[in-house]
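**Q**
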Amino acid sequence: MPSRSFFVPMKTWVGRHRSYKQSIEGLHDFKVLVPASEAATRLQAYNDVTKEFQGLISQAIKRKKTLRAFGSSWSLSKVAVAKHELINTKPLRIGFTIPASQTSPNYAGDREKLRFLQCGFSIAETNSVLFKDRLSLKASGSNNGQTLPGVISTNTHGSAFRFGATPDFVVGIHLIVGPSRHVYLERASYPVIADSFAQALGAELIRDDTLFNAALVSFGSFGIIHGLMIEPRELFLLHAIRSFQPFNAALKSAISTLDFTGLDLHGEQASDLYHFQVTVNPNEGNPPPEAAVYLMFEKPWTENYEAPQWDDSASGPGASGLELMGSLYDMIPSVLSKLIKPLLNAQVRNQLAPYDMTVPTKDLFTGEKTQGPVFASGMGLPTPRALEALSIALNAYEEMGSVIPVLLTMRFVKGTKALLGFTKFESTCVLEVDGLNNAKTRAYAKQVWKGLEEAGIPFTMHWGKFNSFLNKTRVRNMYGDDNVDKWIESRESLLTSEVRKVFTNDFLQSVGLAT
Numbered sequence: 009m010p011s012r013s014f015f016v017p018m019k020t021w022v023g024r025h026r027s028y029k030q031s032i033e034g035l036h037d038f039k040v041l042v043p044a045s046e047a048a049t050r051l052q053a054y055n056d057v058t059k060e061f062q063g064l065i066s067q068a069i070k071r072k073k074t075l076r077a078f079g080s081s082w083s084l085s086k087v088a089v090a091k092h093e094l095i096n097t098k099p100l101r102i103g104f105t106i107p108a109s110q111t112s113p114n115y116a117g118d119r120e121k122l123r124f125l126q127c128g129f130s131i132a133e134t135n136s137v138l139f140k141d142r143l144s145l146k147a148s149g150s151n152n153g154q155t156l157p158g159v160i161s162t163n164t165h166g167s168a169f170r171f172g173a174t175p176d177f178v179v180g181i182h183l184i185v186g187p188s189r190h191v192y193l194e195r196a197s198y199p200v201i202a203d204s205f206a207q208a209l210g211a212e213l214i215r216d217d218t219l220f221n222a223a224l225v226s227f228g229s230f231g232i233i234h235g236l237m238i239e240p241r242e243l244f245l246l247h248a249i250r251s252f253q254p255f256n257a258a259l260k261s262a263i264s265t266l267d268f269t270g271l272d273l274h275g276e277q278a279s280d281l282y283h284f285q286v287t288v289n290p291n292e293g294n295p296p297p298e299a300a301v302y303l304m305f306e307k308p309w310t311e312n313y314e315a316p317q318w319d320d321s322a323s324g325p326g327a328s329g330l331e332l333m334g335s336l337y338d339m340i341p342s343v344l345s346k347l348i349k350p351l352l353n354a355q356v357r358n359q360l361a362p363y364d365m366t367v368p369t370k371d372l373f374t375g376e377k378t379q380g381p382v383f384a385s386g387m388g389l390p391t392p393r394a395l396e397a398l399s400i401a402l403n404a405y406e407e408m409g410s411v412i413p414v415l416l417t418m419r420f421v422k423g424t425k426a427l428l429g430f431t432k433f434e435s436t437c438v439l440e441v442d443g444l445n446n447a448k449t450r451a452y453a454k455q456v457w458k459g460l461e462e463a464g465i466p467f468t469m470h471w472g473k474f475n476s477f478l479n480k481t482r483v484r485n486m487y488g489d490d491n492v493d494k495w496i497e498s499r500e501s502l503l504t505s506e507v508r509k510v511f512t513n514d515f516l517q518s519v520g521l522a523t
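Position 281 of the sequence shown, counting from 1, maps to 289 under the working numbering, and the rest follow consecutively.
#1: Near residue 34, what residues of its chain come up, given a Cβ to Cβ distance below 7 Å and the 5 sequence neighbours on each side ignored?
#2: Is the CB-CB distance between residue 76 and residue 68 below 8 Å?
#3: Nearest CA to the CA of residue 248: which residue from 237, 303, 279 and 261?
#4: So, using beta-carbon positions, are residue 472 and residue 21 closer together than 8 Å?
#5: Identify the continuous alpha helix (DSSP H) that holds residue 508 and give its terminal residues.
#6: Following the continuous beta strand (DSSP E) through residue 21, name the residue where it begins and the one where it ends.
#7: Are three or more beta carbon pairs between the stretch 497-506 and the stretch 218-227 nearer than 8 Å?
#8: To the nearest angstrom, how far is it from the Cα of residue 421 to the Cα of residue 206?
#9: Name the two residues that bound the continuous alpha helix (DSSP H) containing residue 452.
#10: Short of 8 Å in beta carbon distance, which residues of its chain neighbour residue 139, apart from the five on each side in sequence? Order them along the chain.
#11: Which residues in the same chain have their Cβ closer than 6 Å to the Cβ of residue 268, if we skip the five residues on either side of it in sequence?
#12: Tell me, to the nearest whole angstrom, how far the beta carbon of residue 130 is from that of residue 103; I am working on the premise that it is less than 8 Å.
#13: So residue 159 is in the alpha helix (DSSP H); what residue range does that whole segment cover?
#14: What's the C-alpha gap between residue 314 and residue 245?
#15: What number of angstroms, rounded off, separates the C-alpha of residue 115 from the C-alpha of residue 149?
#16: Applying the 10 Å Cβ sphere with the 16-neighbour rule, what's the burial state of residue 409?
#17: In three-state terms, what does DSSP make of residue 315?
#18: Can you have a look at residue 286 and say buried or exposed, based on whether 16 or more other CB atoms are within 10 angstroms of its CB?
#19: With 8 Å as the threshold, decide whether the Cβ of residue 238 is near any Cβ in chain C.
#20: Assess contact between the stretch 151-167 and the stretch 197-212, defined as three or more Cβ pairs (one per stretch) separated by less than 8 Å. Is contact present?
#21: So, using beta-carbon positions, are residue 234 and residue 61 closer together than 8 Å?
#22: Threshold first: 3 residues or longer. Then list the beta strand (DSSP E) segments lying entirely within the stretch 193-276, N to C.
#23: Excluding the 5 residues flanking residue 362 on each side, which residues of the same chain have their C-beta closer than 6 Å to its C-beta?
#24: Could you tell me the alpha carbon to alpha carbon distance between residue 230 and residue 511, rounded to whole angstroms?
#25: State buried or exposed for residue 309, treating a residue as buried only when at least 16 other CB atoms are found within 10 Å of its CB.
#26: Check residue 499 in the structure and name its three-state DSSP category.
#27: Hey, which unbroken runs of the beta strand (DSSP E) at 3 residues or more fall wholly within the stretch 273-309?
#28: To the nearest angstrom, how far is the alpha carbon of residue 121 from that of residue 238?
#29: Counting beta carbon pairs with one atom in the stretch 184-199 and one in the stretch 96-110, are three or more of them shorter than 8 Å?
#30: Evaluate the contact criterion for the stretch 412-419 versus the stretch 461-475: three or more CB pairs, one atom per stretch, below 8 Å.
#31: Please check the pair residue 272 and residue 306, which I expect to be a contact at CB under 8 Å, by giving their CB distance rounded to whole angstroms.
#32: Between residue 65 and residue 145, what straight-line distance do the alpha-carbon atoms span, to the nearest angstrom?
#33: Comparing C-alpha positions only, which one of 151, 57, 178 and 85 sits nearest to residue 117?
#34: Look up residue 108 in the DSSP assignment and say whether it is helix, strand or coil.
#35: To the nearest whole angstrom, what separates the beta carbons of residue 401 and residue 456, a pair I think is in contact under 8 Å?
#36: Distance check for residue 107 and residue 42, CA to CA, integer angstroms please.
Here's what the structure looks like:
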């Protein structure tokens with residue numbers, strides 16, 4: 009088959025949110041292929057790309073170049089870029105259902121639900137494919153533009169506090185780890201496929217919990233993720249409600265204990281709660297009188313469903329603070345004073361307007377419409393210390409003595425098994441600082457990071473958001489020597505030293521994970 013890849017010389021790569029510029033030499037792109045209906049033809053096309061990936065790695069070794077595969081360039085940090093060449097994976101979208109004969113007899117899940125998807129699938133495209141089969145992802149971020157490997161590799165989290173983050177629905181990883189080696193990874197404790205599936209890919213099958221949990225959140229440094237085996241669930245609806253509630257004892261208890269007694273659940277049952285999120289505006293006071301509370305309750309799917317009307321110019325109903333602040337980019341004066349605070353607060357309130365709708369996740373967490381350069385930082389910490397962390401963030405804002413367009417959001421996620429998953433705590437609260445990307449916002453976030461550290465609150469940082477606070481010592485303090493060492497050893501076992509050089513970037517070196 010003729011090569012699908014081609015090289016585009018390029019001097020600079022700019023991240024999607026304009027948070028960084030990276031000098032590069034060029035971009036490897038792929039011609040778009042219309043997937044064939046026959047599984048054998050699609051498999052051959054998939055395997056041909058494996059060979060092309062191996063060829064790119066071989067060339068990089070010979071020419072002493074660094075490589076990094078990327079999808080939507082969603083990350084705000086430089087976690088997913090290299091100084092020489094990038095690989096655009098978005099045109100690579102071949103999907104497979106898995107015959108029962110190619111699953112392990114010891115697989116404990118529902119064989120009919122398994123899907124194997126190539127690396128270019130965005131969350132939106134994945135949602136569309138699954139929806140046709142009346143299936144759904146088990147967790148989602150706040151929007152749907154990222155590719156599957158992108159959300160997995162940086163531990164995009166959402167707020168499915170009884171399930172977990174996006175890496176937790178992945179049960180198999182096809183990794184291209186060298187010019188002549190590619191592997192299919194899954195956990196030994198959770199076998200999914202039969203040997204014949206890996207053989208059809210031409211991949212070496214490895215069942216190892218530590219290797220799998222290391223590769224799961226590895227931000228492109230374990231080679232090229234070519235395909236992911238995901239475990240969807242049955243299609244379901246979410247009764248999503250956003251409202252302002254008093255920042256009172258009932259809400260504080262829900263934040264710190266996930267006990268929803270006394271909280272206004274709008275007539276729903278706490279046992280049905282799927283997503284819990286709280287957003288506060290520090291410009292409304294310390295503590296603020298009210299918070300925007302997102303409650304999403306699981307409901308069974310109905311074929312009578314009709315998608316609700318939503319203003320296409322507005323942020324999606326499941327929008328994060330990053331999107332909400334980005335939408336205010338053109339509305340906020342360049343010079344802010346305390347006199348402008350009422351206008352700013354009114355605009356924020358408008359962005360957080362209440363709603364009540366019942367929708368599937370594909371219509372709730374939609375495309376991001378951010379207009380300008382935005383700032384976002386996410387800190388994972390133990391839920392019992394969430395209120396303390398929020399207080400530190402509010403106090404730091406008060407001490408700044410400035411008016412900054414910024415939101416503080418708490419989302420709650422069940423802990424992940426990924427060795428370097430930042431949602432590592434058994435019950436993780438992700439405290440998010442979202443605003444416009446300017447010197448004052450960056451200085452404020454730094455004060456929050458320092459405040460958490462000085463208070464002795466254990467925390468991690470979202471790999472794909474602003475995280476310049478990370479260094480070698482802090483990464484080891486956050487994840488423990490044992491997890492970091494296992495992650496590094498796993499990378500060394502899969503990649504030869506010459507291949508590790510290809511997939512090492514400045515970010516990896518700065519946080520002490522490169523060998």
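Beta carbons: idealized from backbone N, C-alpha and C, even for Gly.
**A** Well, looking at it:
#1: As a position in the sequence shown, residue 34 is number 26, starting the count at 1. 15, 16, 17, 18 and 93.
#2: The residue you call residue 76 lines up with position 68 of the sequence shown. The residue you call residue 68 lines up with position 60 of the sequence shown. No, the pair does not count as a contact, with Cβ atoms beyond the cut-off.
#3: Position 240 of the sequence shown, counted from the first residue, corresponds to residue 248. Of the listed residues, the one whose Cα sits closest to residue 248 is 303.
#4: Translated into the one-based positions of the sequence shown, residue 472 becomes position 464. Translated into the one-based positions of the sequence shown, residue 21 becomes position 13. Not closer than 8 Å, so no.
#5: Looking up residue 508 in the sequence shown gives position 500. Its alpha helix (DSSP H) spans residues 505-510.
#6: Position 13 of the sequence shown, counting from 1, holds the residue named residue 21. Element bounds for residue 21: 20-22.
#7: yes
#8: As a position in the sequence shown, residue 421 is number 413, starting the count at 1. As a position in the sequence shown, residue 206 is number 198, starting the count at 1. Cα to Cα, residue 421 sits roughly 32 Å from residue 206.
#9: Within the sequence shown, numbered from 1, the residue matching residue 452 stands at position 444. Per DSSP, residue 452 belongs to the alpha helix (DSSP H) from 447-462.
#10: Counted from its first residue, the sequence shown places residue 139 at position 131. The beta carbon of residue 139 sits closer than 8 Å to those of 243, 368 and 370, all from its chain and outside the five residues before and after it, given in chain order.
#11: Residue mapping note: residue 268 aligns to position 260 of the sequence shown, counting from 1. 262 and 278.
#12: Taking the first residue of the sequence shown as 1, we reach residue 130 at position 122. Taking the first residue of the sequence shown as 1, we reach residue 103 at position 95. Between residue 130 and residue 103 a beta carbon distance of about 12 Å is seen, past the 8 Å cut, so the two are scored as non-contacting.
#13: Against the sequence shown, residue 159 aligns to sequence position 151. Note, residue 159: alpha helix (DSSP H), 156-162.
#14: For this step, residue 314 is matched to residue 306 along the sequence shown. For this step, residue 245 is matched to residue 237 along the sequence shown. Answer to the nearest angstrom: the Cα atoms are 11 Å apart.
#15: By one-based count along the sequence shown, residue 115 stands at place 107. By one-based count along the sequence shown, residue 149 stands at place 141. As the crow flies, the alpha-carbon of residue 115 is around 27 Å from that of residue 149.
#16: If you number the sequence shown from 1, residue 409 lands on position 401. Answer is exposed; the Cβ neighbour count stays below 16.
#17: Position 307 of the sequence shown holds residue 315. The answer is coil: DSSP assigns residue 315 none of H, G, I, E or B.
#18: Residue mapping note: residue 286 aligns to position 278 of the sequence shown, counting from 1. Looking at its Cβ environment, which holds 16 or more other Cβ atoms inside 10 Å, residue 286 is buried.
#19: Of the protein chains in the structure, only one exists, and it is not chain C.
#20: No: fewer than three Cβ pairs fall under 8 Å.
#21: Translated into positions along the sequence shown, residue 234 becomes position 226. Translated into positions along the sequence shown, residue 61 becomes position 53. Cβ atoms of residue 234 and residue 61: closer than 8 Å.
#22: Taking only runs of at least 3 residues, the beta strand (DSSP E) segments lying wholly in the stretch 193-276 are 212-215, 232-238 and 244-254.
#23: In the sequence shown, counting from the first residue as 1, residue 362 sits at position 354. The residues are 250 and 251.
#24: Residue mapping note: residue 230 aligns to position 222 of the sequence shown, counting from 1. Residue mapping note: residue 511 aligns to position 503 of the sequence shown, counting from 1. For residue 230 and residue 511, the distance between alpha carbons rounds to 7 Å.
#25: Position 301 of the sequence shown, counted from the start, is the residue given in the question as residue 309. With fewer than 16 other Cβ atoms within 10 Å, it is exposed.
#26: As a first step, residue 499 must be located in the sequence shown, where it is residue number 491. Residue 499 falls in the helix class under three-state DSSP.
#27: 281-288 and 298-308
#28: Here residue 121 refers to the residue found at position 113 when the sequence shown is read from its first residue. Here residue 238 refers to the residue found at position 230 when the sequence shown is read from its first residue. In a straight line, the C-alpha of residue 121 is about 9 Å away from that of residue 238.
#29: Three or more Cβ pairs closer than 8 Å define a contact, and the stretch 96-110 falls short of that threshold against the stretch 184-199.
#30: As far as the Cβ criterion goes, the stretch 412-419 does not touch the stretch 461-475, which means the pair count is below three.
#31: For the purposes of this step, residue 272 is identified with residue 264 of the sequence shown, where counting begins at 1. For the purposes of this step, residue 306 is identified with residue 298 of the sequence shown, where counting begins at 1. So it is not a contact: roughly 19 Å between Cβ atoms.
#32: Position 57 of the sequence shown, counted from the start, is the residue given in the question as residue 65. Position 137 of the sequence shown, counted from the start, is the residue given in the question as residue 145. Answer to the nearest angstrom: the Cα atoms are 32 Å apart.
#33: Counted from its first residue, the sequence shown places residue 117 at position 109. Ranking the options by Cα distance to residue 117, first place goes to 178.
#34: In the sequence shown, the residue the question calls residue 108 occupies position 100. Correct three-state label for residue 108: helix.
#35: On the sequence shown, position 393 is the one that residue 401 refers to. On the sequence shown, position 448 is the one that residue 456 refers to. 5 Å between Cβ atoms; contact.
#36: Taking the sequence shown and counting its residues from 1, one reaches residue 42 at position 34. Taking the sequence shown and counting its residues from 1, one reaches residue 107 at position 99. One C-alpha to the other measures close to 22 Å.
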